[in-house]
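Chemist:
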Amino acid sequence: MDGLCCLLSYPCRKVKLTATADQHGLLELDRSQLVRTELLNTGNFDDVFKGKYGQRDVLIKYVQLDNENCSFNVE
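FYI, the numbering for the sequence shown is 0 to 74, going by numbering that gives the first Met the number 0.
This is the structure in structure tokens:
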């Protein structure tokens with residue numbers, strides 16, 4: 000069964016995305032509607048916040064791009 004706990008009896012419904020795709024096919028949200036409300040977790044590579052996107056409850060993940068925290072950098 001390829002790792003599934005049971006056989007699928009019908010396909011999932013397709014969900015229409017509300018975000019727009021740019022010329023490269025990447026999705027970009029309207030950041031003015033994104034509000035962080037609570038820091039849930041912080042790690043070496045990212046921070047996760049609870050927040051709102053418009054009226055929806057969402058999780059927001061900020062990836063840290065600086066290489067100083069990267070344990071893979073070895074002198």
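We treat Cβ as the ideally placed atom computed from N, Cα and C, and that holds for glycine. Nothing here was measured: the structure is a model prediction, and the numbers come from that model.
Assuming Gly53 and Gln32 make a contact with CB atoms under 8 angstroms, what is their CB distance in whole Å?
Modeler: Gly53 to Gln32, Cβ: 5 angstroms. Contact.
Chemist: Taking Lys15 as the reference, which of Asn40, Leu7, Leu26 has the closest Cα?
Modeler: Taking only the C-alpha atoms, the option nearest Lys15 is Leu26.
Chemist: DSSP state of Arg12, grouped into three classes?
Modeler: The answer is coil: DSSP assigns Arg12 none of H, G, I, E or B.
Chemist: Look at Asp46 and Leu38 and say whether their C-beta atoms are less than 8 angstroms apart.
Modeler: Result yes, Cβ atoms of Asp46 and Leu38 sit closer than 8 angstroms.
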